[in-house]
Each structure stands twice: as structure tokens, then as C-alpha cells.
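Going left to right, the sequence shown walks through residues 1 to 178 as UniProt numbering numbers them.
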Amino acid sequence: MSYKQLIFLILFSTSAFAGTVYTWEDSDGTRHFSDSPPPTNIKSKQLSLSTSVPLEESYDDTATSVEPVAKKAKSKTPEKKDKKLEISFSNLQQEETIRSSRGHITVLTDLNRKLSIDEKLQLMLDGSPYGLPQASTEWKLTGIDRGTHLITVVATKDGKRIASSPIITVYLHRPSAN
């Protein structure tokens, strides 16, 4: 048997394997299609498949079934404002002593919600911005001098301050050879 005959046979014999299709709607209004019957307590409709389906009917059927689903989804999701953003430190505490010979400080923050696309976080070290605003909640500070440092994180949206973490004081100790 040649490849052309085999491909022809496979393509046109699939309709012989077509079976029964069941359709039902669940309590949320979602329409399901399956080749196996639904649970017994659900009212279902058995569809018979024809070997050829006109393209026009298939297109119209899809268009009408999508529209009600979109309306239901729209009505179920009420518009709500974003919660007010709250920022807290997860790895640093007030007046914590950090020992690092290279002057490294890792700052991790927790947020009560995800940032929206136009929101950014800016780390402030001793009142000055450290690095660029970012969406990440982690900073790795390097080359920090020993001593007392004030750290806070400010959230901005379109350049305006929308939230800030508490200001914490940390003490960086760098070992020195005497």
C-alpha cells in the first residue's frame, strides 16, 4: 500500500470512528461536551454526529454559544478597586545588626497584593534612592559602608507615591583586622 493510499484511508475513515456526543450545562451555566455520559443526576442531551458538517452552520452555532458565556462572565466579576498597598520587611527587623565583611545587605519585602503593571517599588537607603524602581520585592545591596543605615521601600504609581514601608534602622558591622 502506498503512502498516498494510506493517508487517504486514514483521513476519510475517521468518520467511521465518530461516536455519540453528550452535552449538558452545569450549575454555573458552563456548557460541557463529552464522549461519555455525564453523572446520572445531570440532565443531558445526546447529539448525533453527521459525517459532513456545513461550515456555515458550524460558524453560526459557535458565535451564538460564545456570546452568552461572555455576558455571564462579565456580570459575575464585579468591578473592584485595588486594595491599598501595604509593604513590610520579611528579613530585616528594627535595629538589627548585620555582619558582612563585604558590605552586603539583602532586603526582602512582603506585599499584601500583587503590583499592577504601572506600579514600581523603590528602595531608599539613608533617604536616597538605591538603584532603579522595580517590580521585584528583593534587593541585594553591595558595598555598603559600616555603620547605621535607614532603609525603607516606597511604592509609586505613575511617579506618585502610593505606599511606603516603615523606616527601619539597621547596623552594618564589617570585621576589621587590628
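Don't be surprised by glycine CBs; every beta carbon is placed ideally from N, CA and C.
The structure presented is a predicted model; accordingly, all values stated were derived computationally and were not measured.
Only residues of its own chain outside the window of five on either side were considered, and among them Asn91, Glu138, Trp139, Lys140, Leu141 have a CB closer than 8 Å to the CB of Thr106, listed in chain order. Per the DSSP secondary-structure output, Ile151 pairs in a beta bridge with Leu125, Ile168.
In this structure, Pro133 sits near Leu121, with a CB-CB distance shorter than 8 Å. Our two residues, His104 and Leu111, have alpha carbons roughly 23 Å apart in a direct line.
Contact annotation: Ala135 and Lys84 have beta-carbon atoms that are not nearer than 8 Å.
If the five residues before and after Gln93 are omitted, its C-beta is found closer than 8 Å to the C-beta atoms of Ile168, all from its own chain and listed in chain order.
Counting of Cβ neighbours within 10 angstroms places Thr109 among the buried residues, the total reaching 16 or more. In the DSSP annotation of this structure, the continuous segment of the beta strand (DSSP E) that includes Ile87 starts and ends at 87 to 89.
Looking at the backbone, the Cα of Thr20 and that of Arg31 are separated by about 17 Å. Around the beta carbon of Glu119, a 10 Å sphere encloses 16 or more other beta carbons of the protein chains shown; the residue is thus reported as buried. Glu96 is positioned such that its CB atom lies closer than 8 Å to that of Val170. In the structure shown, Gln134 falls within a strand segment according to DSSP collapsed to helix, strand and coil. In the three-state DSSP reduction, Lys84 falls in the coil class, being neither helix nor strand. Beta-bridge pairing by DSSP links Thr97 to Tyr171. By the C-beta density criterion, Ile144 is buried, having at least 16 other C-beta atoms within 10 angstroms.
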